[in-house]
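I have placed the structure first, in the form of structure tokens, so that the comments after it can refer back to it.
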Amino acid sequence: MDKKIFVLLFFGVMMSSCDSNQIHSEYKSLPNHWPIDQTLEFQLPELDSLKSFNLFFNIRNTNDYNFNNLFLITSMNFPNGKVVIDTLEYQMALPDGTWLGSGNRIKENKLWYKENVHFFEEGLYSIKIRQAMRNNASVEGVKNLEGITDVGVIIEETQEERE
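Per the numbering used here: the sequence shown ends with 1658, consecutive numbering throughout.
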């Protein structure tokens, strides 16, 4: 009986993993806070230039996170030296304070970064991320953003192909 359960479980895991378009996932752990001067850098794997990809950030937070949103400053660095910088805002909680995302003690949010991206240039691409949170009526940024435990980058292949 145990062998049958193992075989069913094995095939269930194998079938569910076949449906995923995810080709890369990487995380950086933080000590339950994100210092304002800490930039996280992710090196992207070599990607097929004939395919397009969706890029996401995955943010894990605890109840120690004191905001309902999250501001990030990101840069995508191309092999030729070009840099594309974005300032992004994400909702992390509903107006009533209910956390968005999945999980219990630690909430996980998969956040859109870029859609249908093609990596035409040969060479190393990287993404840099830093937090840019401020308290209301404050010019200074939050020195240690409490409650952030992990920051990740996920790359998924889209179904669209170039002709």
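Each residue gets a CB set at the ideal place from its N, CA and C atoms; glycine is no exception. Because the structure is a prediction, the values reported are computed rather than measured.
Query	Result
Taking 8 angstroms as the CB-CB limit, is Lys-1605 close to chain B?	Of the protein chains in the structure, only one exists, and it is not chain B.
Can you grab the Cα-Cα spacing for the pair Pro-1540 / Asn-1553, in whole Å?	17 angstroms
Would Glu-1584 and Phe-1573 qualify as a contact pair, given that the criterion is a beta-carbon distance under 8 angstroms?	no
Look up Lys-1605 in the DSSP assignment and say whether it is helix, strand or coil.	strand
Once the 5 residues before and after Glu-1603 are set aside, which same chain residues still bring their CB inside 7 angstroms of it?	Asn-1553, Arg-1555, Gly-1596, Ser-1597
Going by the beta-carbon positions, is the gap between Asn-1653 and Ser-1515 smaller than 8 angstroms?	Reading off the sequence shown, one finds Thr at residue 1653, where the question assumed Asn. Cβ atoms of Thr-1653 and Ser-1515: not closer than 8 angstroms.
Per DSSP, what kind of secondary structure is Lys-1623 in: helix, strand or coil?	strand
Are Asn-1558 and Gly-1642 closer than 8 angstroms when you measure CB to CB?	yes
For Lys-1523, does the three-state DSSP call read helix, strand or coil?	strand
Looking at C-alpha atoms only, which residue of Asn-1639, Leu-1619, Tyr-1620 is the closest neighbour of Ala-1627?	Asn-1639
For Tyr-1560, report the span of its beta strand (DSSP E) as first-last.	Segment: none, Tyr-1560 is in no beta strand (DSSP E) and carries neither H nor E.
Give a single yes or no on whether Gln-1538 has its beta carbon closer than 7 angstroms to a heavy atom of the ligand ZN.	Absent from the structure shown: the ligand ZN. Ligands present: none.
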